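In our numbering, the protein residues as written are 2 to 162.
Each residue gets a CB set at the ideal place from its N, CA and C atoms; glycine is no exception.
Computed from a predicted model, the values in this text were never measured in an experiment.
Written below as structure tokens is the structure these notes are about.
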């Protein structure tokens, strides 16, 4: 109800949502960690409950006048979405990772990145790992921050070109 109220009241042209916790589409019978390919830009629909959940979400998005772009994890963890009003110009390009050597269509394994390129600007949405309380989680966050910095500096250099 709160998301619906926000969309109706403010009608943002674009809204980035982190931690969507929707699994990526997978082949029938796929299990977490089985190595089977996933479609990280699509909601899972392999079970009746997953289909119903996906249909409910997609119907909600459409009924509010938005198109959704997804970057999803293989399980109900992390994941991101970018909602863009259908009456607005849609992104001309999308990137789902912070590695400029990787194809733009290759998703971060946890679905943590959506970079939408519009004609006059770029919008980078991230679901940033939490610092946590352990040395390992803190190191993971520092590594993420360095990846973002490296990515943004490289993008800036490409554009200056």
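Item to complete: Taking only the alpha-carbon atoms, compute the straight-line gap between residue 54 and residue 161 and give it to the nearest angstrom.
Response: 44 Å
Discussion item. If I follow the unbroken alpha helix (DSSP H) through residue 58, where does it start and stop?
Written reply: 49-64
Worksheet item: Taking one C-beta from the stretch 109-123 and one from the stretch 61-81 each time, how about it: are there three or more such pairs within less than 8 Å?
Response: yes
Item to complete: May I ask you to list the residues that DSSP assigns as paired with residue 119?
Response: DSSP output for residue 119 lists no bridge partner at all.
Worksheet item: Would residue 24 be called buried (16 or more neighbouring beta carbons within 10 Å of its own) or exposed?
Response: buried
Item to complete: Measure the Cβ-Cβ separation of residue 99 and residue 71 and say whether it is below 8 Å.
Response: no
Discussion item. Looking at the strands, I want to know which residues DSSP matches up with residue 71.
Written reply: 82
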